[in-house]
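For reference, the structure is listed below as structure tokens.
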Amino acid sequence: MSKAAKVVAALKVDDLTQRQAKAEHKRLADEIRANDVLYHEKDAPEISDADYDKLRVRLKAIEAKFRQLVDPDSPTQQVAPTPSTAFAKVRHLKPMLSLDNAFTDEELLGFLDRVRRGLERETDLKPEDEIAFSCEAKIDGLSISLRYEDGEFIQGATRGDGTTGEDVTPNLKTIKDIPHKLKGRGVPKAFDVRGEVYMERKAFQEMNKRQEAAGEKVFANPRNAAAGSLRQLDSDITATRPLRFFAYAWGEAEPRPWKTHSEYLRLLKEWGFKTNPLTRLCKTPDEVRAFYREIGVERPTLPYDIDGVVYKVDRIDWQERLGFVSRAPRWAIAHKFPAEQARTRLNGINIQVGRTGALTPVAELEPVNVGGVMVGRASLHNADEIERLDVRVGDMVTIQRAGDVIPQVLGVVPEERPKNAKKYHFPDHCPCPLKTPVKSEDGGVVRRCSGGLECPFQQVERLRYFVSRNCFDIEGLGGTHIENFFNDGLLKIPGDIFRLKSKEAEIKKREGWGDLSVRNLLAAIEARKTITLDRYINALGIPLIGEATAKILAQEYGDADDWLAEMLAAAKERKKQPDDVRKEKAAAEVGGSYGRLCNVEQIGVTTADAMCAFFSEGHNVEIIKDLRKQLTVEAVKRRVIAADAPLKDKIVVFTGELSTMTRDAAKARAEELGAKVTDSVSKKTSLVVVGENAGSKARKAAELGVQTLTEEEWVKLSG
Ligand code: IVH
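Every letter in the sequence shown is one number past the one before it in this note's numbering, and letter 502, counting from 1, is 523.
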């Protein structure tokens, strides 16, 4: 984050100016979207649920105050990101909604009050009448919809974006809690049963141990393990995962004989479903609050994770009267629990070295049970955080696990600080055998090993990244295998992976490797000798280039060798380019390979410079050339533009704010029509679409005599 953005992020919503609110809205929305992808598509979140909730709460607060910032693309208007494409899509007959959250007692009372007022307005409810709520534990898993016809399970799908999900029927059929055929009376002719797929804590830990031993992906928490297991392309793999299911809702249902939610839950049980036993009908606000407290007390000893309780108006005719606001029912709410915390002793602080050399301090803790999971390590983020918390070795600390990735150290218990507690001195040398000095970046927040490519710790991390899921995805080479192979000289650079075949005999002699596992590993490696260009680019670990940018680069350059040649040329040109020229001239005008790179969508000068620095290192280029020789990198099929596309060969620029669509939607439409969309106006530009508050680009278009269109004209033209 830039300094200015940090300042804005620290301000209260009420203190934001219009401009700051707009910038902060964009930052939050981007961050939420990025985390949504990590969570929903990769099953590998990087921030805690509590931190994620905070982002959403702040975004909502900003939208409540600055109404003009609400747009259909805002994460607040969407249930979840669009489903991925690996599975067939299923359109839900009734949308799968999400729930609004209450975090405090006040918010809960606000909800109860809104329901009462709504019902008094809409029905003959009197102030003295009671409203019954079905109160249920909120299971921390993923919701799914199951279609039954004539009592038979015929199709099941994930929630996806709420409207369309993924067809995971074969996988769901492996879950024993999901009946294939319903029994008992009153089963509707055709209906959707909805509920939560989850994994018990103990089964999750055992599964993770098995995964680690096999060098496979280790999951962050039971919920991500459940999501990852359900989204396997091979249902035989899902069958080996300990998935469970609780039913708690319905979608489309014809006929629907039940009158209350609690009656429906009883029926579900009769038909053969598991329903959650932590369910109670409560008739007064005090009963509702007592339920919340009691479940909170039970939470640490439950066999599965819950992250709150859900209250639902029991009478279905009342639910219908109350209806929905945006994507959530007015008749239900999720009352969230705070993150699970515990106290324990900090025995020491270790330093982990990442792929780019960043040093991350990790707290080594006296193992402690936090909400059912044993925790022995927690993140301390960086040197600043150690300073801010004033945490010392020997201290009693509070830690938190919020269904999370890595537990966090929240703070010190000062009255329990022992006399001999030791202040921690952040090392000024990398802990790797080379002991290279550490350099500071970002005002000292990030400390990085200066050993670069020579640092063996970084080399191991880069190899780990190379084989990881979104890169070469080599099964059987995860976990500690890479490190062991590296330490014993079997692997040093990525190309070595594809030479492992010649070391077959040597690997077979190693502990834990049998004929079969070696054969599987070599087959997995062989299968990756053909790779797509975006994965290839991503795997190289170029600074600032992740999965998304790698895809864009692959689209732009199309071919591995052309791309490499262009990068080398760009790096060379960049060296000759004085900094002041770059600043004064728009990247587009610099031209050549460097100019082309700067102009690639989402690249810009900073990223382009980081890439050029990477490609100026002879060592990096050698590694890539060595790797390239062993692979078939598939060329990217470029978008084919039809000869009669209305905007073929046109270069279009959008400037200013559009009111009827987002900029991205407008760009996508222009591209569909065959145009190339760029960011800056030049003589080559064919059209400039000018929105509200447009600035220099509109002026430049006028100066150069480039045709301009208003938004309305654009809409007419583009249909
Ligand atoms: S009812 C329209 N009941 O919580 C209401 N949801 O934050 C549909 N969840 O998407 C949801 N336990 O994944 C409901 N007893 C429960 C639940 C529950 C867990 C999840 C579900 C939902 C999310 C909303």
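Note that CB positions come from ideal geometry on N, CA and C, so glycine has one too.
For R409, the closest C-alpha among the options V389, G415, K444 and Q421 is that of K444. Taking non-hydrogen atoms of the ligand IVH into account, the C-beta of Y269 is found less than 7 Å away from one of them. Contact between V189 and G177 holds, with the beta-carbon distance rounding to 6 Å and staying under 8 Å. Annotation: K43 to P276 spans about 48 Å, alpha carbon to alpha carbon.
Across the set I165, K24, V330 and D685, the C-alpha of V330 shows the shortest separation from the C-alpha of S155. Counting every other CB atom within 10 Å of its CB across the protein chains shown gives G207 a total below 16, marking it as exposed. Residue pairing by DSSP places Y219 opposite R265 in a beta bridge. Pairing K204 with W339 gives a Cβ-Cβ distance that is not under 8 Å.
The alpha carbon of F447 has as its nearest neighbour, out of P350, R468, D463 and K440, the alpha carbon of R468.
Shown here for N491: same chain residues with a beta carbon closer than 8 Å to its own, the five before and five after excluded, namely K63, R556, N559 and E568 in chain order. Fully enclosed beta strand (DSSP E) runs of no fewer than 3 residues occupy 154-160 and 163-170 of the stretch 141-178, in order along the chain. Residue environment: Q651 is assigned as exposed (fewer than 16 neighbouring CB atoms within 10 Å of its CB, all protein chains considered). Out of T681, I552 and K704, the CA that lies nearest to the CA of T731 is found in T681. Boundaries of the beta strand (DSSP E) harbouring M395: V394 to S400, taken from the DSSP string. In the structure shown, Q479 adopts helical secondary structure according to DSSP, grouped into three states. Per DSSP, the beta-bridge partners of V346 are A349. Counting only runs of at least 4 residues, the stretch 284-365 fully encloses the following alpha helix (DSSP H) elements, listed from N- to C-terminal order: 306-319 and 337-343. In the displayed model, Q421 falls within a strand according to three-state DSSP. Spanning the alpha carbons of R77 and E52 requires a straight line of approximately 10 Å.
Judged by the Cβ position, E217 qualifies as a neighbour of the ligand IVH at the 7 Å threshold, a heavy atom of the ligand being closer than this. The alpha-carbon separation between E387 and D255 amounts to approximately 40 Å. Put simply, the backbone Cα of T381 is about 15 Å away from that of P458. Excluding five sequence positions before and after D121, the CB atoms of its chain that fall closer than 6 Å to its own CB belong to A349 and I354, given in chain order. Within the same chain, G207 and W279 come within 7 Å of L288 by CB-CB distance, once the 5 residues on both sides are set aside.
Residue burial annotation: A575 is buried, with at least 16 other C-beta atoms found within 10 angstroms of its C-beta. Under the DSSP assignment, A526 falls in the alpha helix (DSSP H) whose first and last residues are E525 to K529. Counting other Cβ atoms within 10 Å of its Cβ, G369 stays below 16 and is therefore classed as exposed.
Taking every protein chain shown into account, the CB of A663 has fewer than 16 other CB atoms within 10 angstroms, so this residue is exposed. Between M117 and R168, the gap from beta carbon to beta carbon reaches 8 Å or more. Between S95 and K47, the alpha-carbon positions lie close to 9 Å from each other. For the options E128, K658, D449 and I672, the alpha carbon positioned closest to that of V709 is the one of I672. Bridge partners of I672 according to DSSP: K697. Between the ligand IVH and the CB of S283, the shortest heavy atom gap is not smaller than 7 Å. For A722, the uninterrupted alpha helix (DSSP H) run begins and ends at S717 to L725, by DSSP. Put simply, the stretch 493-509 touches the stretch 218-236. At least three CB pairs are less than 8 Å apart.
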